[in-house]
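Visitor: In UniProt numbering, the protein residues as written are 1 to 353.
Shown next, in the form of structure tokens:
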């Protein structure tokens, strides 16, 4: 479930404006929540953003957008084989798997200086301490950029109103969509759990006690704890959905794997998210006078609105054009869970036959 939580209109993308925006976001969350949650924040590697997040959300897990990190890696090394190993390291689920991929990269080219500038704990799945539930890139910015391009040259009131109207439509559409769901999980999560159920059929399940299981396959053995909701492969903990090993353990004792997914994937939570509408705003003719509630002001004519001071950059103004190709999600490299080779899934593995 992703939707715009806050947006701001500023004269430039400066250190001061980023600090202001993030501080206002912190105030909003503090007012509307009983206890400030521990957040996971994804952003580009911009110093002003990093500084603002550290100042306002010191307990948050701050990670870098994978699209930004991968593009920087690709531009620096320009080696397809190295880029393939990089994505394998990104999606490695354990620290041991990550170190193995880094060693393979080192055999091709020295990547340690680059890793020093881009610490792996800020982008590698195995080392990141926060929970991202499968979100690793700023994919929603593609939608928001398109939306802002439609109205960024309008006056500020019309710009904000255009965004509000679009959000109103989005919330209404998703609210109606949620009513049609008749499963425990939302369709995307339901699909992943169904695939895990199919993959779990080839595993041997050994029950150690009431909550611990040993899942044996031809390649490796994994330990599942259904009470702690964890697996030694770490996929359950990282993505919030039961992995194939966990599904095998749950099915062996008659449990529904869907009930062991994180609440954020449930249809109930999806409906709650969009249950509150964004209320319409009446026409300007019905607004109260600007002087209402202001002391010492007799009429609207007594109030002079001064436009904000702006800093005009040197040279000819440039049109901001969204480059769609740079905003595409990086294609995920599929890794087989049986032979651990890239390019095919466990279902299509030749070793299965």
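Yeah, the Cβ is synthetic: ideal placement off N, Cα and C, and Gly gets one too.
Small disclaimer: the values here were computed from a predicted structure and weren't measured.
Which same chain residues, not among the five before or five after residue 41, have their C-beta less than 6 Å away from its C-beta?
Guide: Here the set comprises 53, 60, 62.
Visitor: Using the beta-carbon count (16 or more within 10 Å), is residue 242 buried or exposed?
Guide: With 16 or more Cβ atoms within 10 Å of its Cβ, residue 242 is classed as buried.
Visitor: With DSSP run on the structure shown, which of helix, strand or coil describes residue 18?
Guide: Helix at residue 18.
Visitor: Assign residue 298 to buried or exposed, taking buried as 16 or more other Cβ atoms, counted over all protein chains shown, within 10 Å of its Cβ.
Guide: Unreliable placement is indicated for residue 298, whose pLDDT of 49 sits below 50; the coordinate value is still reported in the next sentence. Residue 298 should be labelled exposed.
Visitor: Enumerate, from N- to C-terminal direction, the unbroken alpha helix (DSSP H) stretches of 4 or more residues contained entirely within the region 42-119.
Guide: With a minimum length of 4 residues, the continuous alpha helix (DSSP H) runs that stay inside the region 42-119 are 47-56, 66-77, 80-90, 95-108, 112-117.
Visitor: How is residue 176 classed by DSSP in three states: helix, strand or coil?
Guide: DSSP places residue 176 in helix when its eight states are reduced to three.
Visitor: Can you look up residue 183 in the DSSP assignment and give me helix, strand or coil?
Guide: Here residue 183 sits in coil by DSSP.
Visitor: Starting from residue 206 and walking both ways along the beta strand (DSSP E), at which residues does that stretch end?
Guide: Note, residue 206: beta strand (DSSP E), 204-207.
Visitor: Please go through the same chain and pick out, in chain order, the residues whose beta-carbon is closer than 8 Å to the beta-carbon of residue 255, but skip the five residues on each side of it.
Guide: So the qualifying residues of the chain are 226.
Visitor: Using a Cβ-Cβ cut-off of 7 Å (strictly less than) and excluding sequence neighbours within five positions of residue 107, which residues of its own chain qualify?
Guide: Correct list: empty, nothing qualifies.
Visitor: Less than 8 Å between C-beta atoms, sequence neighbours within five positions excluded: which residues of the same chain meet that for residue 221?
Guide: The residues are 214, 215.
Visitor: Helix, strand or coil for residue 198? Go by DSSP, reduced to three states.
Guide: DSSP places residue 198 in helix when its eight states are reduced to three.
Visitor: So which of 135, 175, 50, 200 has the shortest CA-CA distance to residue 240?
Guide: Checking every option, the nearest Cα to that of residue 240 belongs to 135.
Visitor: Report all residues from its chain with a CB closer than 6 Å to the CB of residue 278; omit the five preceding and five following residues, and keep chain order.
Guide: 167, 168, 171.
Visitor: Output yes or no for whether 7 Å exceeds the beta carbon distance between residue 69 and residue 128.
Guide: Cβ atoms of residue 69 and residue 128: not closer than 7 Å.
Visitor: Given a cut-off of 7 Å on the beta-carbon distance, is the pair residue 186 and residue 267 in contact?
Guide: Result yes, Cβ atoms of residue 186 and residue 267 sit closer than 7 Å.
Visitor: Under a three-way DSSP split, which group does residue 160 fall into?
Guide: Residue 160 falls in the helix class under three-state DSSP.
Visitor: Can you give me the C-alpha to C-alpha distance between residue 138 and residue 115, rounded to a whole angstrom?
Guide: Taking the straight line from one Cα to the other gives about 21 Å.
Visitor: I'd like the list of long-range same chain contacts for residue 374, defined as Cβ closer than 7 Å, with 5 residues on each side in sequence excluded.
Guide: The displayed coordinates of the chain run from 1 to 353. Any statement about residue 374 would go beyond what the structure contains.
Visitor: Among 229, 173, 228, which residue has its Cα nearest to the Cα of residue 3?
Guide: Among 229, 173, 228, the Cα nearest to that of residue 3 belongs to 173.
Visitor: Whole angstroms are fine: how far does the CA of residue 75 sit from the CA of residue 46?
Guide: For residue 46 and residue 75, the distance between alpha carbons rounds to 18 Å.
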